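Reviewing the structure listed below.
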Amino acid sequence: MKLYFKPGACSFVPHFALEKINQPYEAEAVTQEYMKSPEYLALNPQGAVPLLVDGNLVLSQNLAILAYLDDLYPQAKLFGSDSAKGKAIAFRWLAFLNSDLHKAFVPLFHVPPYVQDESLKQAIQKTAKENILGMLTQANHCLSKQNYLGEDVSVADIYLFTILSWCKFVDLDFSSLTHLTEFAQRIAALDIVKRVQKAEGLI
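The sequence shown begins at 0 in numbering that gives the first Met the number 0 and counts up one residue at a time.
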C-alpha cells in the first residue's frame, strides 16, 4: 500500500491508521503544487489528499480509505471497538469531523479571491471561528465524560487531534475548552502518534 499525504493535513488520519494496522506500507509527502500536477491528477482528479493506492485500487476520501482499512484489518480496531454500536459511535464522530468541522476551516485557510474588502474578510473569518468553537464545544462536552470520543482511541480521535493542531495556525484559541486541551495532550503522548508526527516532519 502507498499513501500520498500532506504533512499535518487530514491525511494524518489514514497515516495513523496504516501505522496502527502494522503492515508494510509506503508514505509519500506531496506539496500543494504537486497535487495539481498532471501526474497526480491522473491518480486523483480532485487534486487532494489523502490518496491510497493498493494494487489496482486507487482510493481517495478519508471515510472510504478508513472503512477499507478497517474491513481489511479488523483486528487493528481502527474505530476503537469490536461492537457495531461502538464502531457506529466512532464513525458518527468521524463523519462530523470530516464533513462539518473540517469544512468550517475553509474560510480561514482560503478566503475566496473575489472577497477584496478587508473588513468583509475579517467578518467572514470571525464568523468561521465562532462556528468552529461551537462545534468544538460538542466534542468538549463528550470528553468531559470520557477520555475519547468512543470506547477507546480511534481514527475519530486522531481526526479531532489533527483539527486541533490547525487552530494555532489560524489563531483560534480553544483553551477555554479544558477537556479538549487535556485530550490533545493525551493523544500527543501516544507513541504511535509521535511516530507518525516524526514521519511527517511535524516534530
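We put the CB at the ideal spot given by N, CA and C, even for glycine. Given the structure is predicted, the values throughout are model-derived calculations rather than measurements.
Extent of the continuous alpha helix (DSSP H) run through residue i
{"i": "A8", "result": "From DSSP, A8 is part of no alpha helix (DSSP H); its letter is neither H nor E."}
{"i": "A187", "result": "177-187"}
{"i": "E38", "result": "37-42"}
{"i": "L163", "result": "154-166"}
{"i": "I88", "result": "83-95"}
{"i": "F173", "result": "Careful: F173 lies outside any alpha helix (DSSP H) and carries neither H nor E."}
{"i": "L107", "result": "105-108"}
Span of the beta strand (DSSP E) around residue i
{"i": "V57", "result": "56-59"}
{"i": "A28", "result": "25-28"}
For residue i: DSSP bridge partner residues
{"i": "A122", "result": "A122 is not bridged to any residue."}
{"i": "L51", "result": "L2, L58"}
Cβ-based neighbour list, residue i, same chain, cut-off 8 Å, excluding 5 preceding and 5 following
{"i": "T180", "result": "F173, S174"}
Chain-order list of residues whose beta-carbon lies under 7 Å from that of residue i (same chain, five-residue window excluded)
{"i": "D69", "result": "L77, F78"}
{"i": "L96", "result": "A155, Y158, L159, I162"}
Cβ pair residue i, residue j closer than 8 Å
{"i": "L93", "j": "V154", "result": "yes"}
{"i": "A183", "j": "L163", "result": "yes"}
{"i": "L148", "j": "L176", "result": "no"}
{"i": "L100", "j": "Q124", "result": "no"}
{"i": "P44", "j": "C9", "result": "no"}
Inter-residue CB distance, residue i and residue j (contact presumed, cutoff 8 Å)
{"i": "A26", "j": "M34", "result": "Not a contact, Cβ separation roughly 15 Å."}
{"i": "F15", "j": "E199", "result": "F15 to E199, Cβ: 10 Å. No contact."}
Close Cβ partners of residue i (< 6 Å) along its chain, the five nearest in sequence each way excluded
{"i": "D151", "result": "G79"}
{"i": "V52", "result": "K1"}
{"i": "I131", "result": "A103"}
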